[in-house]
Structures are given as structure tokens and as C-alpha cells.
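A.B. asks: First, the structure itself, so that you have it in front of you.
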Amino acid sequence: MAARKPSARKPTAKKCPACKGSGEVAVSVRVGRKRRVAGQQTGLCLGCLGTGEAATD
Ligand SMILES: [Zn+2]
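Residue numbers (the working numbering): 4 to 60.
If you want it as C-alpha cells, here you go:
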């Protein structure tokens, strides 16, 4: 009686489309009253809250 090998775990979590699974997104940094864009920095993805996984609905 052959023992059944545990099947390879398939990734059930989908990648977050907003950050493509990285959990981070580039956000613009604005400074001054004119809200000039000073650059971009990496921020926490609000779509998945940094987990990189799409929320299940
Ligand atoms: Zn995300």
C-alpha cells in the first residue's frame, strides 16, 4: 500500500494587483504649499496592507 505523497502546495493566495505581490507601492511625495512633487518613495500598499496578497472576496 503506497503512501500517498502530499501534493505540492499550490499558491492559493493571489497577488495583489495594486502592488503585484510586493506589498509596496510607489507614492509621490509632495512638499510645500504648491504641492510640488519632490519624488517618489515606497509606501505600504493599501490594497493588501503590505502582505502582497489580494484580499479574498
Ligand atoms: Zn498590494
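Cβ atoms here follow ideal geometry from the backbone N, Cα and C, with glycine treated the same way.
1. On the DSSP letters alone, give me the boundaries of the beta strand (DSSP E) that S31 sits inside.
2. Would you say the segment 50-60 touches the segment 18-38, given that touching needs at least three Cβ pairs under 8 Å?
3. Residues in the same chain with beta-carbon distance under 7 Å from V30, minus the five sequence neighbours each way, listed in chain order, please.
4. For C51 and K23, I'd like the C-alpha separation in whole angstroms.
5. Is the closest heavy atom of ligand 1 to the C-beta of A21 under 7 Å?
C.D. replies: Taking the geometry as given:
1. Run containing S31: 27-34, per the beta strand (DSSP E) assignment.
2. yes
3. Around V30: Q43, Q44, G46.
4. Answer to the nearest angstrom: the Cα atoms are 10 Å apart.
5. Within the cutoff, so yes.
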